[in-house]
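A.B. asks: Residue numbers (our numbering): 6 to 178.
Every residue, glycine too, gets a C-beta built ideally from N, C-alpha and C.
Predicted model, so just to flag it, every value in this text is computed and none were measured.
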Amino acid sequence: MTSTDFRRLAGFLLQGASRLVIYVQAGMEDIEGAIADAQYDVALLQTRRVLLECLAIRSAADGGRLTWSRDDLSFDYATGTDQDSAREADELLAEMIRAAAASAGDREAAMSRALGRLEAYVAATEGLLELREGLPLLRSAEGFFAGIRAARDMSVIQETFGLPQFLPGDWTA
Numbered sequence: 006m007t008s009t010d011f012r013r014l015a016g017f018l019l020q021g022a023s024r025l026v027i028y029v030q031a032g033m034e035d036i037e038g039a040i041a042d043a044q045y046d047v048a049l050l051q052t053r054r055v056l057l058e059c060l061a062i063r064s065a066a067d068g069g070r071l072t073w074s075r076d077d078l079s080f081d082y083a084t085g086t087d088q089d090s091a092r093e094a095d096e097l098l099a100e101m102i103r104a105a106a107a108s109a110g111d112r113e114a115a116m117s118r119a120l121g122r123l124e125a126y127v128a129a130t131e132g133l134l135e136l137r138e139g140l141p142l143l144r145s146a147e148g149f150f151a152g153i154r155a156a157r158d159m160s161v162i163q164e165t166f167g168l169p170q171f172l173p174g175d176w177t178a
């Protein structure tokens, strides 16, 4: 992100980090579990969700909206992001669809390749945050407490500068 506006940069970092930790990590775990259990429709739905979150984060990095609701029907996840990112997301979803539809003998290898590409896309999205340390894995023993510490620290920044809420509303109500 190249913005010199501190509030915009801080808002992007808060939104990007929280959405990666809360939604993208959970989605990736769901995809892996669904593939392991041969629940390919679930894997496809979660792949779409992960890609949309990544596109929205990439869009926020390029001047797009800093807040969005998972239920916001009018939100365009790709507005403001470069065409290559949007095209790559489309290709990744199409690859996952083809892998799920592959013959039983080819499916496992095809799903593994598609999942590897999706993991790289997610890692590149996280890379936009330019963090010194990677994000904690929220759904791990160490990550849960690291996530709480990070949220506490992030909430100070959010409140001090009047930035949009970065945690889901049902978590803070």
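Got a sec, what are the start and stop residues for the alpha helix (DSSP H) Ala119 sits in?
C.D. replies: Ala109 to Gly132
A.B. asks: Looking only at its own chain, which residues have a Cβ that is under 8 Å from the Cβ of Glu124, when we skip the five neighbours before and after it?
C.D. replies: Apart from sequence neighbours up to five positions away, the residues of its chain that approach Glu124 with a beta-carbon distance below 8 Å are Met33, ordered along the chain.
A.B. asks: Assuming Thr84 is part of the alpha helix (DSSP H), what are its boundary residues?
C.D. replies: Per DSSP, Thr84 lies in no alpha helix (DSSP H) and is assigned neither H nor E.
A.B. asks: Could you check whether Ala104 and Ala115 sit closer than 9 Å to each other, using their CB atoms as the reference points?
C.D. replies: Going by C-beta atoms, Ala115 is nearer than 9 Å to Ala104.
A.B. asks: Mapping the DSSP letters down to three states, classify Thr52 as helix, strand or coil.
C.D. replies: helix
A.B. asks: How close, in whole Å, do the beta carbons of Leu168 and Ala15 come, if the pair is a contact with beta carbons under 8 Å?
C.D. replies: The C-beta separation of Leu168 from Ala15 comes to about 6 Å, placing the pair in contact by the 8 Å criterion.
A.B. asks: Does the separation of the CB atoms of Val29 and Cys59 fall below 9 Å?
C.D. replies: yes
A.B. asks: Tell me whether the beta-carbon of Arg70 lies closer than 9 Å to the beta-carbon of Thr86.
C.D. replies: no
A.B. asks: Going by C-alpha to C-alpha distance, which of Thr52, Gly21 and Ser23 sits closest to Glu37?
C.D. replies: Thr52
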